[in-house]
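Chains as they are written, first to last, in the numbering used here: chain H, 9 to 684; chain S, 90 to 581; chain R, 493 to 664.
All C-beta atoms, glycine included, are put in the ideal place defined by N, C-alpha and C.
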């Protein structure tokens with residue numbers, strides 16, 4: 009079965025071609041075609057996973073063709089099937105298929121129906137390439153592909169100005185990340201002479217620590233962009249402008265975890281440069297608590313989820329940073345289930361409210377009491393919320409607890425503290441969301457009330473599937489705590505390279521904690537204490553939410569009055585967008601605008617003249633003397649003003665100026681030679 | 090007194106002879122048998138170009154590569170460059186036939202000039218002698234000056250022609266002066282002999298040579314539109330007929346870069362470190378100026394002009410690598426040019442095909458909603474933009490990868506880094522067009538032109554050819570890159 | 493000594509003529525100054541033993557081409573050039589400085605560098621005297637330089653075609 013791994017991306021490709029080229033013919037069948045293709049991919053993935061899990065495992069390379077050869081460098085299109093990519097394939101193909109099916113119901117009747125599924129399949133194709141690549145260049149192909157699809161899908165409802173702005177924002181922020189990623193690739197290639205995982209990891213132990221750190225940090229810049237970490241997280245909350253299934257698939261379950269996957273994949277290099285890992289741990293922890301605190305007060309149901317996603321991604325990077333790679337991947341997997349579910353559930357709610365005024369469809373202040381109207385959605389969302397809050401035995405508990413334990417036992421106490429605080433906030437905001445949406449009195453617009461009903465089966469069945477996974481997805485691979493099956497399975501992918509000390513240490517310590525816990529040893533007490541603390545934090549957060557939003561509903565307003573500054577700060581997301589706008593976007597925009605202005609060349613008046621020669625003469629004299637610099641540049645200050653004058657001066661359409669610039673170039677060249 | 094007639098390898102010279110002969114024939118035919126139907130002359134021109142391409146592919150370069158005292162040099166490099174030049178001419182003839190505003194121009198003059206320009210480019214690329222470099226350059230420049238202002242009654246066209254002519258003459262002056270200085274310092278205009286002189290007497294003692302080299306760099310830099318000699322490009326590209334712009338953005342660049350490469354391959358390694366610095370600065374300035382200026386353009390031809398400046402900047406990276414003696418750089422230059430020719434020609438072809446009689450669609454805004462009114466055209470444009478931006482799996486990505494990796498190989502660090510950052514920036518303006526086509530309602534679009542007009546089959550052929558090439562070189566680039574690499578082996 | 497005096501005289505004539513071409517306000521004077529430059533150049537060729545080139549320079553440039561220029565200038569009756577106030581003070585100043593900079597660089601170059609003079613080419617002065625200048629040129633044109641020679645023909649042809657295209661375009 010593994011030999012047929014190339015079939016996995018082939019099916020979505022077929023879907024893209026069918027829906028993309030025959031979009032007008034397939035029309036209403038586009039969703040079925042796309043889902044069928046995603047389903048076929050999933051079947052192949054399941055076959056391969058069965059072989060990998062039940063069989064001897066190992067690492068298999070499935071070559072397809074040699075793509076690029078340049079001197080000693082040879083990059084091929086070939087797929088890597090190993091434990092890590094198997095887990096990722098299961099997540100991507102599994103959640104992807106479920107969301108494809110859900111979208112058939114959610115997107116029903118949208119004018120861009122075939123286009124939507126074309127993009128969705130294109131996304132699957134790119135994401136599968138990303139996780140199956142056996143070299144960094146092919147990974148980059150997928151990396152760019154998912155970025156492009158994300159961009160297209162955020163702006164899917166392009167007639168909404170906010171949607172197309174969000175698309176642009178995502179695009180620009182991701183370009184910054186991509187630049188880092190690309191430079192990282194160049195550095196890898198320069199230092200190791202190869203781009204294929206096997207060879208790079210073989211050469212990794214010879215890398216000096218500064219070199220490995222540099223590679224690690226550059227790659228992490230890429231991960232920051234794609235996986236929305238501080239300071240590049242700003243695009244993800246805005247990405248919620250896209251259709252909800254897209255938010256679930258791309259901006260919660262799969263694409264945003266690409267950075268985590270990439271770091272895990274590159275773990276042999278990272279362990280050579282511990283500096284990079286420390287940075288990752290800290291950035292992850294800060295992101296986790298920072299965005300969780302923003303999530304506390306948001307009123308838009310999807311924005312709560314978005315900040316929650318950013319925060320949970322922070323947890324995953326925390327795991328990477330402290331060396332607990334397997335725990336991070338484990339959390340990636342469980343998170344895909346319950347966060348995908350949360351989004352689909354939110355989508356189901358929004359779908360039910362689509363008769364409400366547009367501004368109220370996603371605003372939790374205009375919901376409430378939906379529990380009786382939408383029981384399936386409600387119970388599924390509760391399961392997901394429990395998983396996210398970290399209540400045992402739901403999926404999130406196992407993985408989050410492992411990460412926190414890993415941070416604690418590897419000595420990252422600050423990271424652990426931040427993570428625990430973030431966990432408390434997580435439990436609070438997710439149940440705040442549940443209570444505000446489903447409990448209490450109904451605050452929905454009167455006209456919309458009678459239209460509220462449970463979503464059709466094509467949407468609820470995916471919910472139930474994901475709910476089941478959210479319940480058992482942690483226990484099955486994660487029990488006993490910290491030493492579950494998934495660690496053993498992933499170990500060859502992550503700890504294979506020699507000199508993998510930090511990682512081994514991370515896993516060993518956590519394992520030891522669990523074992524010692526059974527025997528009542530020193531570490532064990534701490535381990536048990538941590539687990540108890542984690543449960544207490546989760547329950548405490550839920551209780552707090554219950555108190556504030558169900559029992560004493562005046563409490564939030566009271567708090568708001570007491571800490572108005574803090575409340576506004578959180579509600580406005582620490583004003584980060586505004587700061588970026590003022591410090592980065594605005595100056596660049598002005599510079600660009602100025603550049604554009606200089607380039608508006610002056611077209612001079614009509615040329616009259618009876619004979620050929622006079623026309624030409626007049627033109628010559630016109631070009632030489634009559635051209636004037638058009639209007640003054642107003643309103644630009646300081647440096648920008650200076651630049652604008654400078655550029656306007658040179659690209660004015662006047663031949664003299666062009667000649668002058670040429671002469672200047674000649675002069676510089678002459679000086680380079682004569683005054684060396 | 091007997092005069093020994095120089096030995097000439099007619100098989101090697103045949104491609105040039107075919108093009109020149111074809112040019113004269115096309116001109117004469119139109120003069121003696123003027124007719125309303127252009128299709129005959131167009132077909133004839135295409136046949137001339139195709140047969141020249143066939144002749145150059147058939148002529149295997151051998152030991153007799155240099156003939157007529159090095160004035161004509163037919164090696165693997167020449168062969169590949171011939172193919173590139175002929176390909177770009179072929180495309181621009183297709184585009185010219187498809188462009189509606191060119192329907193009224195006298196076809197014989199127009200096509201004849203295109204063929205003459207082609208022959209000039211070929212002569213410039215296929216020589217070891219600076220003399221022929223200059224003559225070839227002047228032939229195609231003169232033809233292009235006229236072609237730029239070919240459309241009657243368009244002030245922009247006249248302006249473009251005159252600007253191009255004035256600035257081009259200035260640059261030619263530098264080029265010629267530089268060649269004279271080199272001749273003065275080394276006593277030869279033959280690159281091989283110059284290289285030999287340089288080994289016996291190192292150029293560090295001869296500022297005249299270095300300065301001459303610098304002036305030649307200025308002259309060639311003008312033709313490839315390198316900073317700071319690129320200022321003419323946007324104005325001229327905007328004002329010229331689109332098909333001519335397409336031609337100008339590829340053909341002359343191929344020829345001038347080919348001469349540039351030959352020059353640096355011969356004298357580069359001995360030319361001193363200053364040249365390194367000059368090329369480095371030129372490359373960085375060129376790509377940055379091109380990309381930054383392209384971002385806010387509102388005219389698509391201007392945008393593509395700046396884009397072509399940026400691409401010249403990337404190629405200058407390879408040029409800098411060649412000076413350090415890298416075969417990989419020459420190979421990747423050839424491959425890059427091949428991909429660049431296809432994607433650029435393709436993009437211009439969409440511009441041509443999107444236009445209607447009397448009004449060209451040159452404002453970028455005009456492309457809003459093209460994805461709904463003309464889906465196939467928009468899809469092709471999207472492909473070319475993605476490729477120009479260097480996004481996989483298109484040829485543009487692979488070509489850039491080769492180019493930058495050649496620079497990395499010879500030990501440049503910051504140059505490829507800056508190039509990568511630049512290409513990251515460039516994505517924004519390429520994709521802006523894509524977004525506009527797919528994510529905007531068509532504005533008060535000009536009434537959908539009755540498909541494409543009589544030239545639609547030519548546009549279709551060009552589009553299909555370019556799109557297939559761009560995809561093929563993105564997905565299966567290896568064999569052609571091997572070919573490009575092999576083409577550098579026979580260089581002297 | 494006499495040769496040097498001759499050279500400096502011709503050089504001065506050439507440069508002064510060139511300056512006058514751009515400086516004089518009347519196009520007629522400009523054209524005549526250009527003739528002076530060409531004559532000076534022809535003299536320089538003579539002093540380099542290139543009699544053929546010198547004669548061709550006089551016949552073709554000073555004779556034919558400049559006569560054509562004069563004809564045209566008189567025909568369309570261009571009077572004094574109307575001088576517009578040049579509204580580019582910055583360029584003027586900067587251009588002067590940069591131009592002087594380049595000039596200084598070149599002077600410095602020629603002052604410090606021994607150029608290869610005489611004797612180094614295929615046809616040193618003694619050999620030229622032996623074969624005769626016209627013969628030597630003619631011989632070269634059909635042997636070593638046959639390709640540039642032919643290419644020049646193409647170049648001229650392109651020039652003619654271009655001129656015709658532009659003129660005809662206007663005539664229509």
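Assigned secondary structure, residue i (DSSP; H/G/I helix, E/B strand, else coil)
{"i": "residue 71 of chain H", "result": "strand"}
{"i": "residue 327 of chain H", "result": "helix"}
{"i": "residue 76 of chain H", "result": "strand"}
{"i": "residue 569 of chain H", "result": "helix"}
{"i": "residue 468 of chain R", "result": "Past the boundaries of the shown model lies residue 468 of chain R; chain R is included only from 493 to 664, so the question cannot be answered."}
{"i": "residue 204 of chain H", "result": "strand"}
{"i": "residue 161 of chain S", "result": "strand"}
{"i": "residue 118 of chain H", "result": "coil"}
{"i": "residue 562 of chain H", "result": "coil"}
{"i": "residue 379 of chain H", "result": "coil"}
Extent of the continuous beta strand (DSSP E) to which residue i belongs
{"i": "residue 81 of chain H", "result": "81-89"}
Residue environment, residue i, which counts as buried when at least 16 other CB atoms sit within 10 Å
{"i": "residue 206 of chain H", "result": "exposed"}
{"i": "residue 581 of chain H", "result": "buried"}
{"i": "residue 406 of chain S", "result": "buried"}
{"i": "residue 343 of chain H", "result": "buried"}
{"i": "residue 143 of chain H", "result": "buried"}
{"i": "residue 255 of chain H", "result": "buried"}
{"i": "residue 602 of chain R", "result": "exposed"}
{"i": "residue 288 of chain S", "result": "exposed"}
{"i": "residue 321 of chain S", "result": "buried"}
Minimum Cβ-Cβ distance from residue i to chain S less than 8 Å
{"i": "residue 130 of chain H", "result": "no"}
{"i": "residue 639 of chain R", "result": "yes"}
Extent of the continuous alpha helix (DSSP H) run through residue i
{"i": "residue 271 of chain S", "result": "244-275"}
{"i": "residue 518 of chain S", "result": "503-527"}
{"i": "residue 493 of chain H", "result": "493-503"}
{"i": "residue 489 of chain S", "result": "484-498"}
{"i": "residue 59 of chain H", "result": "38-62"}
{"i": "residue 35 of chain H", "result": "Taken as a continuous stretch (DSSP letters only), residue 35 of chain H belongs to no alpha helix (DSSP H), as it is neither H nor E."}
CA nearest to the CA of residue i, picked from the options
{"i": "residue 238 of chain S", "options": "S:251, S:226, S:103 and S:228", "result": "S:251"}
{"i": "residue 561 of chain S", "options": "S:431, S:321 and S:277", "result": "S:431"}
{"i": "residue 564 of chain R", "options": "R:555, R:604, R:589 and R:520", "result": "R:520"}
{"i": "residue 357 of chain H", "options": "H:346, H:378 and H:373", "result": "H:378"}
{"i": "residue 392 of chain S", "options": "S:334, S:352, S:269 and S:276", "result": "S:334"}
{"i": "residue 484 of chain S", "options": "S:441, S:438, S:351 and S:428", "result": "S:428"}
{"i": "residue 504 of chain S", "options": "S:558, S:367 and S:565", "result": "S:367"}
CB contact check: residue i to chain H, cutoff 8 Å
{"i": "residue 321 of chain S", "result": "yes"}
{"i": "residue 366 of chain S", "result": "yes"}
{"i": "residue 239 of chain S", "result": "no"}
{"i": "residue 590 of chain R", "result": "yes"}
Beta carbon proximity, residue i to chain R, threshold 8 Å
{"i": "residue 671 of chain H", "result": "yes"}
{"i": "residue 663 of chain H", "result": "no"}
beta-carbon residue i near the ligand ZN non-hydrogen atom, thresh 7 Å
{"i": "residue 309 of chain S", "result": "Of the ligands one can find in the structure shown there are none, so the ligand ZN has no counterpart to examine."}
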